[in-house]
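Asks: Here it is: the structure, laid out below.
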Amino acid sequence: MDNETNAAAPLDFIRAIVVNDVKNNKNNGAVVTRFPPEPNGYLHIGHAKAICLDFGIAAEFNGITHLRMDDTNPTKEDLEYVESIKQDVKWLGYDWGDKLFFASDYYEKLYERAVELIKRGKAYVCDLSPDEVREYRGTLTEPGRESPCRNRSVEENLDLFARMRNGEFEDGAKTLRAKIDMASPNMHMRDPAIYRIRREHHYRTGDKWCIYPMYDFAHCISDSIEGITHSICTLEFEIHRPLYDWFLDELEMPCHPQQIEFARLNLTYTVMSKRKLLTLVKEHYVNGWDDPRMPTLCGMRRRGYTPEAIRAFVASTGATKTNSISDLSLLEHFQRDDLNKRALRAMAVMNPLKVVITNFPEGTVDELDAVNNPEDESAGSRKVPFSRELYIEQEDFMEDPPKKYFRLAPGREVRLRYGYFIKCEEVVKDENGAVVELRCTYDPATRGGNSPDGRKVKGTIHWVSAAHAKKAEARLFAPLFTPEDPTESELEFKELLNPDSLNVTECLIEPSLQDAAPGALFQFERVGYFCCDPDSTPERKVFNRTVGLKDSWAKIQNKEA
Ligand code: ATP
Ligand code: MG
């Protein structure tokens, strides 16, 4: 895995900082990073970027990475999310060893640090209401005003803060605030809140606490407690960095991690906000967090995306300081590239057209050899039954074909994949003139796909044997959102959903696919890459289309013509 990240991202600005720190023996040359998700939703492809940077960089410098649940907001957090986060980080290919932490385990320590700040005269209990706090804060152009409570004595503050903890005051009645600078040009430095009163049940600490620390306070101290050396986060925290540093300096914390910010990963045709993804799930716009149309890691996994492809994609986007939006087609490119190497080939027909081989003896079956993966000899081969009645794709026949059409047409010959040359002798139509059956002859001498007389055919098409094929469900996906960047629109994001993002159809699969296990990956030849879905039953398999095949037709033609 190291090679993978090294090759794709030689030395981005974060790695340059780390290289320099290690060279200068900062932190005794140690590199300790952390991935700090809040367990209030499932991880998405954006998180994958943070995970790859946090774990990838540490590994490259023989360091370690902590997985820390940043669970200081009691209202939205849940154990379900904790479990899903662990599963997804593991699936992506990363290992935190025994370094699983919870910010909620630090509540007592965080409280002590807040007391310490009060003792140092750097924090005070404030009685202003949330509205008043806003009013006192000032604006970007005007300095704020000091709270009337700002100059309370240390003793009074200690007493009030202890009573906040003891539940003597109403929710929102008081806050503990850092005493910094109400005139600072950085609004985050204008005496930010450190603790608020909130009678909420926490999924881990229960009702033990009625005061909860704010993110800015909890995060830097958690980092410091854990001995994090490089605290890598997204750009929106850049403006919080002075506050991060202020807390650690004022408390003279023995470990002062360095916060480094990079640009978020965004992806076209989707949204990445956990709040919005939660809405899609809760209001049933999608079928759960693992709906294959979701940008969540569990959704992508169910769809057939692989950790290798996601890591390669993420590495290709690099680590930068400028926000941008990555193309979905780039992600698909990496996915195709990976699946081409690993997916077993199989045949499935999406829109069947019946073909009768008139000179093939009735009731007999020819077991043909089919290669499982031309890119991987070790994948071996399988038998595919060939019989008198077959199905091919409707689009592989044209009654009146244009010049460059090399597939089946009246009087024309094509190769059946792994099989024989067949020639269309007769077209059968229904009363409306629609083609319902082709009557063809096969050339027994062309078994395996070549003619001993050197006769060439330009087209190769896939097929299934009518008597042996099984019916299966294919789920074909289009992007979840219609606009390229749904966050740019004036409309509410729910109104931007693509009504055609899910297309469920029936297809016919070759018999070997009936044994597919959930999660198994296939290339349905000339159709696309598919992943067997857990909704499958032994009787009826369900396949999710992971990605289509680009230029599949041209490729087969070039290889075999
Ligand atoms: P929200 O969607 O509510 O803003 P979040 O995505 O920041 O939340 P966290 O659980 O706080 O969710 O994220 C954990 C880590 O993943 C953070 O360090 C965050 O910076 C990083 N992260 C989140 N989204 C992205 C993204 N799109 N690209 C890169 N990193 C991300
Ligand atoms: Mg966050």
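Just so it is clear: in the sequence shown, position 371 is 370 by numbering that gives the first Met the number 0, and no numbers are missing. Think of the CB as a built atom: it goes at the ideal place given N, C-alpha and C, for glycine as much as any other residue. Nothing here was measured: the structure is a model prediction, and the numbers come from that model.
Could you check the C-alpha separation between E249 and K118 for me, to the nearest Å?
Replies: Roughly 11 Å separates the two Cα atoms.
Asks: Are T233 and F261 touching if we call contact CB-CB under 8 Å?
Replies: In this structure, F261 lies closer than 8 Å to T233 by Cβ.
Asks: Tell me the residue span of the alpha helix (DSSP H) that contains V456.
Replies: It is not in any alpha helix (DSSP H) - V456 carries neither H nor E in the DSSP assignment.
Asks: How about the segment 330-348 and the segment 302-310: do they share at least three Cβ pairs that are nearer than 8 Å?
Replies: Because the criterion of three Cβ pairs below 8 Å is met, the segment 330-348 and the segment 302-310 touch.
Asks: Would R387 pass as a contact of N371 if the rule is Cβ separation under 8 Å?
Replies: No; because the gap between Cβ atoms is not below 8 Å, this pair is not in contact.
Asks: Report the three-state DSSP secondary structure of A7 (helix, strand or coil).
Replies: Below a pLDDT of 50, predicted positions are generally treated as unreliable, and A7, at 47, falls in that range; no measurement from the model is reported.
Asks: If we ignore side chains and look at the alpha-carbon of each, how far apart do S551 and M349 end up?
Replies: Confidence at S551 is low in this model, with a pLDDT of 42, below 50, so its placement is unreliable and the value that follows should be read with caution. Cα-Cα distance, rounded: 15 Å.
Asks: Looking at the secondary structure, which residues open and close the alpha helix (DSSP H) in which I117 lies?
Replies: 106-118 is the extent of the alpha helix (DSSP H) around I117.
Asks: Assign K422 to one of three DSSP states: helix, strand, or coil.
Replies: Correct three-state label for K422: strand.
Asks: Starting from R467 and walking both ways along the beta strand (DSSP E), at which residues does that stretch end?
Replies: It is His, not Arg, that sits at residue 467 in the sequence shown. Per DSSP, H467 belongs to no beta strand (DSSP E) and is neither H nor E.
Asks: Measure the C-alpha to C-alpha separation of A345 and H229 and round it to an integer number of angstroms.
Replies: Distance between the alpha carbons of A345 and H229: 47 Å.
Asks: Measure the C-alpha to C-alpha separation of M293 and H43 and round it to an integer number of angstroms.
Replies: If you take the alpha carbons of M293 and H43, they lie about 8 Å apart.
Asks: Could you tell me the distance, in whole angstroms, from the CA atom of T486 to the CA atom of N497?
Replies: Near 14 Å, if we compare the C-alpha coordinates of N497 and T486.
Asks: What does the Cβ neighbour count give for P373, buried or exposed, with the cut at 16 atoms within 10 Å?
Replies: By the neighbour-count rule (16 or more Cβ atoms within 10 Å), P373 is not buried but exposed.
Asks: Could you check the C-alpha separation between Y528 and C209 for me, to the nearest Å?
Replies: So the two alpha carbons sit approximately 52 Å from each other.
Asks: Mapping DSSP to helix, strand and coil, what is S573?
Replies: Residue coverage of the chain in this structure runs from 0 to 560, which leaves residue 573 outside it and unanswerable.
Asks: How would the residue list near the ligand ATP read, in chain order, if you kept each one whose beta-carbon is closer than 5 Å to any heavy atom?
Replies: Having a Cβ closer than 5 Å to some heavy atom of the ligand ATP are P36, E37, G45, H46, K48, A49, C232, T233, R263, L264, M271, S272, K273.
Asks: Under the three-state reduction of DSSP, which class applies to C125: helix, strand or coil?
Replies: Strand at C125.
Asks: What ranges does the beta strand (DSSP E) occupy inside the segment 68-107, keeping only unbroken runs of at least 3 residues that lie completely in it?
Replies: As far as the segment 68-107 is concerned, its whole beta strand (DSSP E) runs of at least 3 residues are 99-101.
Asks: Go through its chain and collect everything with a Cβ distance to R67's Cβ below 6 Å, but skip five positions before and after it.
Replies: Only R33, P35, F100 meet the Cβ criterion.
Asks: Let me confirm a value: Y211 is counted as buried when at least 16 other C-beta atoms fall within 10 Å, else exposed. Which label applies?
Replies: Buried, because 16 or more other Cβ atoms sit within 10 Å of the Cβ of Y211.
Asks: In angstroms with no decimal places, state the Cα-to-Cα distance between V383 and A516.
Replies: Using only the alpha carbons, I get a separation of about 19 Å.
Asks: Taking 7 Å as the limit between beta carbons, can you name the residues of its chain near F492, skipping five residues before and five after?
Replies: The answer, listed in chain order, is V270, K275, P485.
Asks: Cβ of P38 within 8 Å of Cβ of V81?
Replies: Cβ distance < 8 Å, so P38 and V81 count as in contact.
Asks: Is it a yes or a no for the segment 90-99 touching the segment 39-59, going by three-plus beta-carbon pairs under 8 Å?
Replies: They touch, by the three-pair rule.
Asks: Check the DSSP bridge columns for C530 and list the partner residues they point to.
Replies: C530 is bridged to L520, N543.
Asks: Alpha carbons only, please: which of D97, G547, L264 is nearest the one belonging to S323?
Replies: Selected option, being the one with the closest Cα: L264.
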